[in-house]
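Asker: With our numbering, the residue at position 165 of the sequence shown is 165, and numbering never jumps.
Glycine included, every Cβ here is placed at the ideal spot set by N, Cα and C.
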Amino acid sequence: MVHPQREDYWGNVNPVGPRGCYDEAKRFAEAITMAYHRTHGVDTRIVRIFNTYGPRMRLRDGRVVPNFIAQSLRHEPVTLHGDGSQTRSFCYMDDLIEGFWRLMHANYHLPVNIGNPNELTILQFAEKIIALTGSSSRLEHHPRPVDDPKVRRPDITLARSLLNWEPRVSLEEGLERTIAFFKNRV
Ligand code: UDP
């Protein structure tokens with residue numbers, strides 16, 4: 001409901017939908033972490049991870065990055081959910097780990113967004129992967145999953161000021177490294 005998403009936004013999720021366990025588990029993990037920190041003085045950190053990708057993702061984990069790359073490399077139809085107008089922001093894993101590392105060394109216990117604010121539609125993402133792989137794949141439309149978020153982009157103002165961190169790896173560079181990894185496996 002708030003876009004781009006800041007850390008002080010409490011979220012809006014369907015607790016009883018098909019994603020309910022996943023969504024609420026993340027929320028509960030934050031709640032229990034803060035409870036341990038407040039009640040028992042445990043030295044904790046909370047990272048809000050946005051979409052992340054890179055080499056060594058599982059080929060069949062069902063997420064959009066391995067799906068689109070594997071389908072493109074095989075010249076099979078690329079399975080676009082809905083019209084592809086939903087947006088995501090993809091962070092290369094090295095950038096994410098650097099953000100984690102810096103947060104570990106900061107004395108800060110509330111949630112911190114670590115993600116890449118470069119937002120694009122899933123349709124643009126499909127076209128980019130088809131182009132980067134030199135694929136002859138066409139787009140195949142599938143229904144949008146229930147409760148699939150329409151937009152997603154982190155506001156990383158806090159990470160920038162607190163950790164002097166921001167992503168360094170461009171989407172093209174990260175995808176090229178990821179595609180090179182998948183080429184040997186497809
Ligand atoms: N998606 C898609 N085709 C696929 C897999 C995913 O169009 O084969 C879409 C999905 O509906 C969502 C986006 O890509 O809008 C990102 O999906 P993913 O499961 O990778 O991550 P999410 O951000 O939903 O947790």
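1. Which word fits Pro154, buried or exposed, when buried means at least 16 other C-beta atoms lie within 10 angstroms of its C-beta?
2. Return the residue from the list Gly41, Asp147, Arg102, Arg27 that minimises the CA-CA distance to Trp10.
3. If you drop the 5 nearest sequence neighbours on each side, which residues of the same chain put their C-beta closer than 6 Å to that of His141?
4. Please state the DSSP three-state secondary structure of Asn12.
5. Should Gly62 and Ser89 be called a contact, given that it needs their Cβ atoms to be closer than 8 Å?
6. Could you tell me whether the stretch 162 to 180 touches the stretch 101 to 120, using the rule of 3 or more Cβ pairs below 8 Å?
7. Return the chain-ordered list of same chain residues with a C-beta closer than 7 Å to the C-beta of Gly20, the five sequence neighbours on each side being excluded.
8. Where does the unbroken alpha helix (DSSP H) through Asn67 begin, and where does it stop?
9. Using DSSP with H/G/I as helix, E/B as strand and the rest coil, what is Ile122?
10. Quick one: complete alpha helix (DSSP H) runs, 4+ long, within the stretch 102 to 159?
11. Taking the CB atoms as reference points, tell me whether Leu96 and Phe182 lie closer together than 8 Å.
12. Less than 7 Å between the CB of Asn51 and some heavy atom of ligand 1, yes or no?
13. Taking 7 Å as the limit between beta carbons, can you name the residues of its chain near Ala126, skipping five residues before and five after?
14. Can you tell me whether Tyr53 is buried or exposed, with buried defined as 16 or more other CB within 10 angstroms of its CB?
Answerer: This is what the structure gives:
1. buried
2. Arg27
3. Leu80
4. coil
5. no
6. yes
7. Asn14
8. 64 to 73
9. helix
10. 122 to 132
11. no
12. yes
13. Phe68, Val78, Leu80, Gly84, Leu139
14. buried
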